[in-house]
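*Asks:* Protein sequence lines correspond, in order, to chains P and L. Position in the first sequence (first residue = 1) + 1 = this note's numbering. Mapping of the second sequence onto this note's numbering: position 95 corresponds to residue 88, and the numbering continues sequentially without gaps. Where is the CB? At the ideal position from N, CA and C, for every residue including glycine.
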Amino acid sequence: MYLYIFDSFLQQKKYSKELMKIEHRLTDLELKGRQVKLSLLKNVREVIQQAIKDGVQTIVVVGNDQTFHQALNAIAGTNLTLGYIPFEKSSPVASVLHLPLASLACEVLAQRLLKKFDLGKINDHYFLLQAQALDPRITVDFGSYKITPSGKNQTIIYNHPPLDNSIRASSEDGFLEVVIDQTPSTFEKLLKKHSLPSVFPFKKVKLSSAEPIGLQLDHQALVKTPAVAEVVNQAIKIIVGAGLI
Amino acid sequence: MFKSEESGKNQTTETIIGQSVKVEGDFVGEGDVVVEGIVIGNLKTKNNLRVGPQAKIEAKVEAENAQIAGEVSGNITVSQFLEIKASAKITGDVNAGIIAIEKGAKINGRILMGEAIKTSASATK
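Here it is, written out as structure tokens:
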């Protein structure tokens, strides 16, 4: 059984034509299911908890990455399948999952190509792509050793490689990667010099700092240090585009 | 040993300790390790180790194969092939199966070689 969760911003008039297309396409593809529209009184977590009780097997988010992220956190670790009909043109999640926009994504739902992904988890919050520290003064403790960046750095924990594939990572290998990349100085930018980023694969680390530092998960949620980051193997099943299989 | 390292997209390297990072403690890597930063403590890998010219290591070092171009203060044990580049400065004993030393490298310590040296990392493989 399918449950379609429609984002609240889709209630604007400009989306009504596309929503109608989606509805017709889902009917043609025999993928109709229950529909819920989000509002101030209905949040994703409550909707999904009720759906689990009602025996729903597949949750499809229709909307943006923020709602997808909330749904992912609600069903991580369960046996439910997550689908996505993205409406954001620059959606990083849609790019990673090889999903076209809006009604075209219905074809992907029909193909039902499933893939299990590892998820990163920081203080009970899950992320699919990356977690970025908003301040460079963060210490990463691996247990037997710790790393302390110096200078102007950007610390990012990757579960899935970035879109430019500049870092070797995989959301299926049972590891996360801490990447510490130095922000180039003006002089280095002029010379077009960029030093090698640091890459540390891990299963579990502690993140700490002198003062609480924010960690942005998948460009959506925010958690603060001190924190424990770990990988959760094969934590979620997602319907993906053919280009990913 | 380390291919396409200049592009920064080395497919064989697993851990990279960059110039802006300091590692303190007992670092044990499962795959290849590239050090361009600072390591204090112990550094072990079952595979290949590359120490860049800007790297500073104050640690006991163990690897299967290694290429050293930076500063190492500590004993080095390499079970197979050790390449010491011209910019290397090593203070400590060097144990290796096979050694190649470039002109200009500085080594202050004993050099022991000949039979394959078993490191504690490879012994547990």
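Beta-carbon of GLN133 (chain P) versus every beta-carbon of chain L: anything under 8 Å?
*Replies:* It does not: the Cβ of GLN133 (chain P) has no partner Cβ on chain L nearer than 8 Å.
*Asks:* Are the Cβ atoms of GLU29 (chain L) and ILE10 (chain L) separated by less than 8 Å?
*Replies:* Their beta carbons are under 8 Å apart, which means GLU29 (chain L) touches ILE10 (chain L) by this criterion.
*Asks:* Is the beta carbon of ASP25 (chain L) closer than 8 Å to that of ASN41 (chain L)?
*Replies:* Yes, they are a contact pair.
*Asks:* Give a yes or no on contact between the segment 148 to 155 of chain P and the segment 211 to 222 of chain P, applying the rule of three or more CB pairs nearer than 8 Å.
*Replies:* Short answer: they don't touch.
*Asks:* Compile a chain-ordered list of the residues in the segment 119 to 150 of chain P whose CB is closer than 7 Å to at least one CB of chain L.
*Replies:* Against chain L - using a Cβ distance shorter than 7 Å - the residues of the segment 119 to 150 of chain P are SER145, TYR146, LYS147, ILE148, THR149 and PRO150.
*Asks:* Taking 8 Å as the CB-CB limit, is PRO202 (chain P) close to chain A?
*Replies:* Considering every chain present, this structure includes no chain A. Its protein chains are P and L.
*Asks:* Could you tell me which of P:ILE53, P:LEU20 and P:SER167 sits nearest to GLY64 (chain P), measuring between CA atoms?
*Replies:* For GLY64 (chain P), the nearest C-alpha among the options comes from P:LEU20.
*Asks:* Quick check on this structure: which residue in P:ALA95, P:LYS205 and P:TYR159 has the alpha carbon closest to the alpha carbon of GLY244 (chain P)?
*Replies:* It is P:ALA95 whose Cα lies nearest to the Cα of GLY244 (chain P).
*Asks:* Quick check: the Cα distance between ILE168 (chain P) and THR68 (chain P), rounded to an integer number of angstroms?
*Replies:* Each residue's alpha carbon lies about 27 Å from the other.
*Asks:* Label GLY326 (chain P) either buried or exposed according to how many other C-beta atoms from any shown protein chain fall within 10 Å of its C-beta, with 16 as the threshold for buried.
*Replies:* Any question about residue 326 (chain P) goes unanswered here, given that chain P covers just 2 to 246.
*Asks:* Is it a yes or a no for the segment 205 to 218 of chain P touching the segment 98 to 118 of chain P, going by three-plus beta-carbon pairs under 8 Å?
*Replies:* Touching, no, given that fewer than three Cβ pairs across the two stretches are closer than 8 Å.
*Asks:* Contact between the segment 49 to 63 of chain L and the segment 162 to 180 of chain P is defined here as three or more beta-carbon pairs at a separation below 8 Å; is this criterion met?
*Replies:* Too few Cβ pairs lie closer than 8 Å, so no.
*Asks:* When DSSP labels each residue in this structure, what does MET106 (chain L) get in the three-state scheme?
*Replies:* Note: MET106 (chain L) maps to strand in three-state DSSP.
*Asks:* As an exercise, report each continuous beta strand (DSSP E) stretch of at least 3 residues that is fully enclosed by the segment 217 to 243 of chain P, in chain order.
*Replies:* Taking only runs of at least 3 residues, the beta strand (DSSP E) segments lying wholly in the segment 217 to 243 of chain P are 222 to 225 and 228 to 241.
*Asks:* List the endpoints of the continuous alpha helix (DSSP H) containing LYS22 (chain P).
*Replies:* It spans 17 to 29 - the alpha helix (DSSP H) in which LYS22 (chain P) sits, taken as one unbroken run.
*Asks:* Less than 6 Å between C-beta atoms, sequence neighbours within five positions excluded: which residues of the same chain meet that for ILE104 (chain L)?
*Replies:* Answer for ILE104 (chain L): VAL87, listed in chain order.
*Asks:* Kindly confirm or deny that the segment 152 to 164 of chain P and the segment 129 to 139 of chain P touch, where touching means at least three C-beta pairs closer than 8 Å.
*Replies:* Yes: the two stretches touch, three or more of their Cβ pairs being nearer than 8 Å.
*Asks:* Taking the runs of the alpha helix (DSSP H) that are 4 residues or longer, which of them lie wholly in the segment 75 to 102 of chain P?
*Replies:* List check, alpha helix (DSSP H) in window: 93 to 97.
*Asks:* So which residues of chain L does SER196 (chain P) contact, with C-beta pairs closer than 8 Å?
*Replies:* Ordered by position in chain L, the residues that pass the 8 Å Cβ test against SER196 (chain P) are GLY11, GLN12, SER13 and GLU29.
*Asks:* What are the residues that DSSP puts in a beta bridge with PRO202 (chain P)?
*Replies:* P:GLU178, per the DSSP bridge assignment.
*Asks:* Name the DSSP bridge partner or partners of ILE49 (chain P)?
*Replies:* Answer by DSSP bridge pairing: none, since ILE49 (chain P) is not bridged.
*Asks:* So if I threshold CB-CB distances at 8 Å, which residues from the segment 82 to 95 of chain L count as touching chain P?
*Replies:* Residues: none.
*Asks:* Please state the DSSP three-state secondary structure of GLN131 (chain P).
*Replies:* DSSP places GLN131 (chain P) in strand when its eight states are reduced to three.
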